[in-house]
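K.L.:
Residue numbers (the numbering used here): 18 to 869.
C-beta atoms are modelled at their ideal positions from N, C-alpha and C, and glycine is treated no differently.
#1: Does residue 345 get closer than 8 Å to chain D when you measure Cβ to Cβ?
#2: Beta-carbon within less than 7 Å of residue 80's beta-carbon, same chain only, minus the 5 sequence neighbours each way: which residues are those?
#3: Whole-angstrom Cβ separation of residue 643 and residue 682, contact assumed at under 8 Å?
#4: Could you pull out every unbroken beta strand (DSSP E) segment of at least 3 residues lying fully inside the segment 505-589, listed in chain order?
#5: Give the straight-line distance between the Cα atoms of residue 194 and residue 200, rounded to the nearest whole angstrom.
#6: Classify residue 859 as buried or exposed, calling it buried when 16 or more other Cβ atoms lie within 10 Å of its own Cβ.
#7: Taking 8 Å as the threshold (C-beta atoms), are residue 317 and residue 600 in contact?
#8: Using three-state DSSP, classify residue 615 as helix, strand or coil.
#9: What beta strand (DSSP E) runs, 3 residues minimum, are completely inside the segment 454-490?
#10: Take residue 430 and list the residues in its own chain whose beta-carbon comes closer than 6 Å to its own, dropping the five residues that flank it on each side.
#11: In the DSSP assignment, find the unbroken alpha helix (DSSP H) run with residue 274 in it and report its ends.
#12: Is the segment 476-488 in contact with the segment 367-387, if contact means three or more CB pairs nearer than 8 Å?
#13: Any chance the segment 710-719 sits against the segment 541-556, with 3 or more Cβ pairs inside 8 Å?
#14: With a cut-off of 8 Å on the beta carbons, I'd call residue 870 and residue 179 a contact; round off their distance for me.
#15: Considering only residues of the segment 122-169, which uninterrupted beta strand (DSSP E) runs meet the minimum length of 3 residues and lie entirely inside it, listed in chain order?
#16: Run through DSSP, which three-state label would residue 448 get?
#17: Quick check: the segment 236-248 against the segment 290-297, are there 3 or more CB pairs under 8 Å?
#18: Among 718, 574, 646, 823, which residue has its Cα nearest to the Cα of residue 591?
#19: Let me check one thing: in DSSP terms, what residues is residue 184 bridge-paired to?
#20: Leaving aside the five residues before and after residue 191 along the sequence, list all residues of the same chain whose C-beta is less than 6 Å from its C-beta, in chain order.
#21: Would you mind stating whether residue 261 and residue 515 have Cβ atoms separated by less than 8 Å?
#22: So for residue 754, helix, strand or coil by DSSP?
#23: Which residues in the same chain as residue 654 place their Cβ atom closer than 6 Å to its Cβ, once the five residues preceding and following it in sequence are excluded?
#24: Can you give me the C-alpha to C-alpha distance between residue 154 and residue 205, rounded to a whole angstrom?
#25: Do the segment 676-694 and the segment 404-419 make contact, defined as three or more Cβ pairs closer than 8 Å?
#26: Identify, in the order they occur along the chain, each residue of the same chain with its Cβ nearer than 6 Å to the Cβ of residue 818, setting aside the five sequence neighbours on each side.
#27: Can you list, in chain order, the residues of its chain with a C-beta nearer than 7 Å to that of residue 820? Leave out the 5 residues immediately preceding and following it.
#28: From 751, 785, 798, pick the residue whose C-alpha is nearest to that of residue 769; which is it?
#29: Measuring straight from C-alpha to C-alpha, what distance separates residue 271 and residue 551?
#30: Could you spell out the range, first to last residue, of the alpha helix (DSSP H) harbouring residue 698?
#31: Would you give the residue range spanned by the alpha helix (DSSP H) that residue 857 belongs to?
#32: Can you list, in chain order, the residues of its chain whose CB lies under 6 Å from that of residue 186, leaving out five sequence neighbours each side?
#33: Candidates 665, 791, 745, 339: which alpha carbon is nearest residue 236's?
#34: Let me know the secondary structure DSSP gives residue 304 once reduced to three states.
#35: Please name the residue or residues paired with residue 439 in a DSSP beta bridge.
#36: With H, G and I counted as helix, E and B as strand and the rest as coil, what does DSSP make of residue 52?
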């Protein structure tokens with residue numbers, strides 16, 4: 018297969034044709050050979066497939082000797098230093114013999130411009146100079162051809178006590194995707210330069226960079242040779258798929274797997290990440306590496322099943338997870354409560370015995386027998402036939418295929434369960450016993466039998482429960498309708514892998530779609546027909562959450578951080594709480610108690626999402642006193658506190674054993690213990706490096722503030738209420754059911770600097786003062802850290818940039834920031850997320866509101 022990648026090299030006044038770079042797969046190892054050709058030569062070559070996308074995501078071979086002005090010089094201004102000197106690179110290489118770089122602008126007094134043969138612009142400005150001007154640049158060539166650009170010069174603001182927190186992926190999308198055309202721009206040095214020039218114009222000298230769960234700045238040695246090889250082969254299969262690329266790039270609409278392709282290319286081309294960091298260094302912008310203890314796989318969104326040619330499920334390729342986490346979660350990740358029970362000798366409580374389809378008021382006993390149902394164990398859930406999956410052939414080569422190509426073979430791998438019993442209760446519930454689920458088959462799939470069962474009906478809200486051989490509940494499971502794939506809408510109730518449109522659909526979206534569609538009729542019951550019921554008991558290990566009580570997990574984190582710190586510009590570490598760890602859930606807890614989400618929705622009631630991620634915990638949680646008590650009791654009621662949802666369990670705070678939810682508390686305590694061990698290892702590994710850690714408000718703060726809000730007068734009338742707290746805490750950067758353990762982090766004996774995780778949007782002054790006062794007081798001892806000094810305050814204010822009344826939102830946001838910085842305990846405000854602030858604020862000194 019050949020790729021045609023176009024890179025426009027035309028220069029003003031020149032008759033130069035485009036330069037092409039051909040990529041040819043050679044041999045089983047898929048190595049690449051390259052050749053540069055001219056327009057006419059290209060026309061004579063036979064191409065299997067020409068793809069004019071990701072233009073320049075690969076550097077152009079056979080580059081002309083002449084220097085060129087960077088094409089993106091004009092996108093962002095050049096902020097000079099009043100009373101100082103600053104320089105920037107304007108050309109892609111030093112000038113060659115006979116080339117000259119000049120300007121033709123009239124300069125104000127006190128401003129000096131130098132252009133040298135290295136292609137650099139240097140501006141020296143006298144103190145107090147505040148002139149803005151256009152600088153007309155000309156690159157002269159020996160043949161008389163000129164390349165011209167008009168650059169913007171403006172005075173740089175003073176350094177601001179503002180830091181941006183970057184989700185690096187979002188930055189890369191803003192840098193490289195042309196939203197007007199839907200096409201991708203070349204990965205070149207000047208693409209990063211214009212980004213960091215924007216920061217110079219903002220007076221921002223540091224950004225905290227989260228390089229994704231699988232860092233863009235990667236070293237294959239961190240993950241093991243085989244693990245990296247598997248990632249690379251699967252990634253290249255996706256990047257080289259002609260059919261998938263047509264889906265992704267023939268339309269200007271933005272598909273999520275476009276940016277996954279971008280990330281894969283960055284990871285496979287480490288020079289690009291180093292180019293980013295070098296540009297930061299050259300622009301005087303320091304970089305902080307941010308590491309997230311949670312959110313290591315993004316399985317809420319991105320899961321691609323992998324099969325062999327016989328249809329056997331091999332594993333899930335998780336493009337958001339690093340290769341070690343993806344391939345060997347048993348070494349580093351949270352484990353399912355089943356494995357904890359087994360490790361504690363409680364096998365009978367961990368193994369499935371029965372499932373029950375509970376009745377609803379409209380249910381009636383049905384005359385059904387075993388012949389009316391078939392029950393299968395499966396390693397993979399139902400998958401939409403038009404979606405893309407990965408297929409490994411006998412040689413170990415991977416390719417992207419439509420699932421329909423192997424669907425029948427995959428379905429044939431399901432294991433039909435035998436010898437189970439069936440009983441219909443008087444209230445219409447259906448009990449199925451004597452089930453033997455193979456350990457490596459996480460799904461049960463229930464479908465109609467061969468006998469006439471058109472009239473078999475089940476509640477649309479699908480209340481399903483399971484019991485162990487010991488009789489204890491096997492809860493924290495998911496169940497949903499997988500509708501017969503008779504149309505595209507029904508297909509959305511099935512896993513998408515990579516969907517037919519290049520998007521994603523995991524079990525999270527499949528469950529949501531399922532209950533939305535089955536409720537559409539308004540009827541309480543639904544005929545099973547050709548649909549299937551999918552019951553997910555969860556995998557044994559969750560790649561989503563790292564267990565830092567385990568040395569392998571800490572070593573992995575340190576190796577990734579060490580890789581970043583070895584690159585220019587990176588000089589400090591932040592351990593953050595940011596998390597998408599809210600996996601699929603078919604149940605919710607609210608005023609109606611623990612019910613399926615369809616139950617709550619049918620009655621128009623709010624509920625708290627209960628994701629299957631809550632079934633996982635650090636392996637050492639079995640040694641927690643609260644869990645030990647339950648394991649020693651070993652009664653069904655005691656074990657249920659580990660294995661099943663408890664009403665109210667995941668609402669409010671749970672940072673004390675006395676809160677009454679032993680499973681949640683034990684998880685939190687072990688998270689805090691594991692992160693503390695990570696902090697200790699980091700301080701030992703990097704003794705001279707500043708280390709900061711985001712510590713969310715502890716329970717004492719949250720609960721006291723909520724109580725006080727209920728008594729506080731609202732200027733708009735009445736009182737505030739506890740729900741107003743949602744504006745005082747971070748909604749995106751902490752999901753308490755997993756991140757709450759960070760609130761319990763003990764820094765005693767450490768030097769790490771605690772950070773304050775604070776506001777969102779535009780709360781009122783009274784509640785802000787109440788919250789910040791309580792938070793600062795609670796953290797006044799730095800939770801045991803030896804650090805003494807002011808702190809950083811995190812503000813999730815990016816949505817205020819999109820508010821309808823932008824002027825009012827801007828004024829209010831700026832006042833909040835000024836008030837925070839007026840406190841002696843706070844020296845810096847961290848704004849999330851960088852892409853919004855860098856591109857959506859005015860480029861010229863947008864933080865001037867901080868001037869005296």
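P.N.:
On the basis of the supplied data:
#1: No chain D is part of this structure, which consists of one protein chain only.
#2: Model confidence at residue 80 stands at a pLDDT of 46, short of 50, so the residue's coordinates are unreliable; what they give is reported in the following sentence. Hits under 7 Å: none found.
#3: 6 Å
#4: Complete beta strand (DSSP E) runs here, min 3: 512-515, 542-544, 549-553, 558-563.
#5: 6 Å
#6: exposed
#7: Yes; because the gap between Cβ atoms is below 8 Å, this pair is in contact.
#8: helix
#9: 460-465, 474-476, 481-485
#10: 328, 329
#11: 273-285
#12: yes
#13: no
#14: The requested residue 870 does not occur in the structure, where the chain is confined to residues 18 to 869.
#15: DSSP runs (the beta strand (DSSP E)) wholly in the segment 122-169: 128-132, 137-142, 150-157.
#16: In this structure, residue 448 counts as strand in the three-state DSSP scheme.
#17: no
#18: 574
#19: 227
#20: 852, 856
#21: Taking a C-beta distance under 8 Å as the contact criterion, residue 261 and residue 515 qualify as a contact pair.
#22: helix
#23: none
#24: Taking the straight line from one Cα to the other gives about 20 Å.
#25: Because the criterion of three Cβ pairs below 8 Å is not met, the segment 676-694 and the segment 404-419 do not touch.
#26: 853, 857
#27: 826
#28: 798
#29: 31 Å
#30: 679-702
#31: 851-857
#32: 229
#33: 339
#34: strand
#35: 449
#36: Because the pLDDT at residue 52 is just 31, under 50, the model does not fix this residue reliably, and the value given afterwards should be weighed accordingly. Note: residue 52 maps to strand in three-state DSSP.
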